[in-house]
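S.K.:
Numbering (the working numbering), first residue to last: 402 to 889.
#1: Hey, out of 740, 756, 807, 530, whose CA is closest to residue 558's CA?
#2: Ordered along the chain, which non-local residues of its own chain (more than five positions away) have a Cβ less than 8 Å from that of residue 805?
#3: Report the three-state DSSP secondary structure of residue 731 (helix, strand or coil).
#4: Measuring straight from C-alpha to C-alpha, what distance separates residue 876 and residue 671?
#5: Evaluate residue 538 with the Cβ neighbour count: other Cβ atoms within 10 Å of its Cβ, from every protein chain shown; 16 or more gives buried, anything less gives exposed.
#6: If you draw a straight line from the C-alpha of residue 861 to the C-alpha of residue 726, how long is it?
#7: Determine contact between the stretch 680 to 691 and the stretch 624 to 635, defined as no fewer than three beta-carbon pairs at a distance below 8 Å.
#8: Report all residues from its chain with a CB closer than 7 Å to the CB of residue 490; omit the five preceding and five following residues, and keep chain order.
#9: Who are the Cβ neighbours of residue 693 in its own chain at under 8 Å, not counting the five residues just before and after it?
#10: Sorted by chain position, which residues of the same chain lie with C-beta nearer than 6 Å to residue 441's C-beta, five sequence neighbours on each side aside?
#11: Here's the rule: buried if 16 or more other CB atoms are within 10 angstroms of the residue's CB, otherwise exposed. What is residue 553?
#12: Tell me whether the beta-carbon of residue 743 lies closer than 9 Å to the beta-carbon of residue 446.
#13: Can you tell me whether residue 642 is buried or exposed? The criterion is at least 16 other CB atoms within 10 Å of its CB, across all chains shown.
#14: Distance check for residue 464 and residue 808, CA to CA, integer angstroms please.
#15: Using the Cα positions of residue 483 and residue 811, report the straight-line distance between them to the nearest angstrom.
#16: Identify the continuous alpha helix (DSSP H) that holds residue 868 and give its terminal residues.
#17: By the DSSP assignment, the beta strand (DSSP E) with residue 343 in it spans what residues?
#18: Per DSSP, what kind of secondary structure is residue 573 in: helix, strand or coil?
#19: According to the neighbour-count rule (16 or more other Cβ atoms, all chains shown, within 10 Å of its Cβ), is residue 666 buried or exposed?
#20: Please specify which runs of the beta strand (DSSP E), each continuous and at least 3 residues long, are wholly inside the stretch 596 to 643, giving them in chain order.
#21: To the nearest angstrom, report how far apart residue 880 and residue 578 are at their CA atoms.
#22: If you reduce the DSSP assignment to three classes, tell me which class residue 679 lands in.
#23: When the distance is taken between beta carbons, is residue 729 closer than 9 Å to residue 822?
#24: May I have the straight-line CA-CA distance separating residue 612 from residue 756, to the nearest angstrom?
#25: Identify, in the order they occur along the chain, each residue of the same chain with its Cβ nearer than 6 Å to the Cβ of residue 455, setting aside the five sequence neighbours on each side.
#26: Is DSSP giving residue 455 helix, strand or coil here?
#27: Could you check if residue 653 is buried or exposed, using at least 16 other CB atoms within 10 Å of its CB as the buried criterion?
#28: So, using beta-carbon positions, are residue 606 and residue 533 closer together than 9 Å?
#29: Got a sec? Which residues, its chain only, sit under 8 Å from residue 590 by beta carbon, not counting five neighbours each side?
#30: With 16 other CB atoms within 10 Å as the buried threshold, where does residue 884 fall?
#31: Take residue 697 and list the residues in its own chain whose beta-carbon comes closer than 6 Å to its own, dropping the five residues that flank it on each side.
#32: Quick one: what's got a C-beta closer than 8 Å to residue 636's C-beta in the same chain, skipping five residues either side?
#33: Taking the straight line between their C-alpha atoms, what separation do you get for residue 587 and residue 773?
#34: Give the straight-line distance between the Cα atoms of residue 458 and residue 813, rounded to the nearest whole angstrom.
#35: Residue 707 lies in the alpha helix (DSSP H); which residues open and close that run?
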């Protein structure tokens, strides 16, 4: 990758962009602070945001919502989901089986037996987390249930800021790099499934005979955190990035470079899905041990939680787009609690504006499910159904054809849109952080930056041999237990 990294200095690059003097002066004129992040984060609700990430008012999103129209998933019987026809599913399953067999028989890089074994080894090793959190008496060291069963104490007392800081510290240790908070109100209740979750005067949460989850009104805060997906690993499963270059019919495969989400790269999503519930188990148990309630009510759509809490903006591909990690976020996870927390604000990092001119994810989408419309819309354009089922209305964004995506076997069968996003680029080279900041300040260079991604190919596939022969002493993309974190 070193050959792709620019040797241009920060100063020279910023000068080329035309605002180096002002930015350089600002950076040099603040000797009391270590950096701009420290200076600008004094009054921020999320101190980990970079200096160029603007915080908006609560519920002021870069994908605006019309609350007169926007409703919960499943509102009045609307499916808001897709159903794959049995014959389509049967063909996909058979093609997938044939693909796996082909990969094993021909020792196809990325699809060989060892590649598949790695992916399968990363799957499924996760706890089952009850909607009201794990019991505190389970799994104590040596089965000694002295905490909290035989110890009496009052619930933890702290102000909302300190409580959020405490949860951030715990979640970072448990495995999540970014945390936000949404306050429960009549608007944000619509982020949960219609008819499945209600808030009432119950003192303790319960599920009634109809399967409806009753959440105590005292649980007024939604703790939101990121379940990250390893970005580099994913590139070992990506197919060729040319538009339409990925096969959506696997029968008779002869060019494995055309296959997206090969097993070796797919291990990244397998591991993320396995580790997400483990983080959920830990943070819910942590909150309950503090003396508070913790619930995980039904919410089909996870992206809105990241947008409302300021952890992301919504992207053209409909995924959470982080200013730090691009769309390599496996999903947002939540805990509803009565532990008092200060809400965090939505962000404007110029990401939605960047998506308007970039279109990289749409260019490489093999199903054609991602629109190439220039701007966001309240109505949706082309064959993307809005009122008919699988897209909620009432927000201004891009509307996907989820049906064509699902008919390809997704979300398991393709990673093209994820891999192509320019904001995924690792921050090894200083130019990447400069690009992020520039895109947030002005959209003038967005088209240029998107073209850079096409030419330099940061999201292009990597070879399987490179991964299996990697230098374990210097490779920094594995998550090793018993170690801290390095880099981003």
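We put the CB at the ideal spot given by N, CA and C, even for glycine.
Note that the structure is predicted; figures quoted are calculated from it, not measured.
M.R.: Looking at the atomic coordinates:
#1: 740
#2: 768, 769, 770
#3: strand
#4: 20 Å
#5: exposed
#6: 17 Å
#7: yes
#8: none
#9: 556, 557, 738, 739, 740
#10: At residue 441 the pLDDT is 46, less than 50, meaning the model places this residue with poor confidence; the figure from the coordinates comes in the next sentence. Same-chain partners within the cutoff: 452.
#11: exposed
#12: yes
#13: A caution first: residue 642 carries a pLDDT of 49, below 50, which makes its placement in the model too unreliable to give a value.
#14: 27 Å
#15: 11 Å
#16: 865 to 869
#17: Beyond the ends of the chain as shown, which are 402 and 889, falls residue 343; an answer cannot be given.
#18: helix
#19: buried
#20: 598 to 601, 614 to 617, 622 to 629
#21: 13 Å
#22: helix
#23: yes
#24: 40 Å
#25: 749
#26: strand
#27: Low confidence applies to residue 653: its pLDDT is 47, below 50, so where it sits in the model is not reliable enough to give any reading.
#28: yes
#29: 473, 598, 600
#30: exposed
#31: 532
#32: 666, 820, 860, 861, 862, 863
#33: 34 Å
#34: 36 Å
#35: 704 to 709
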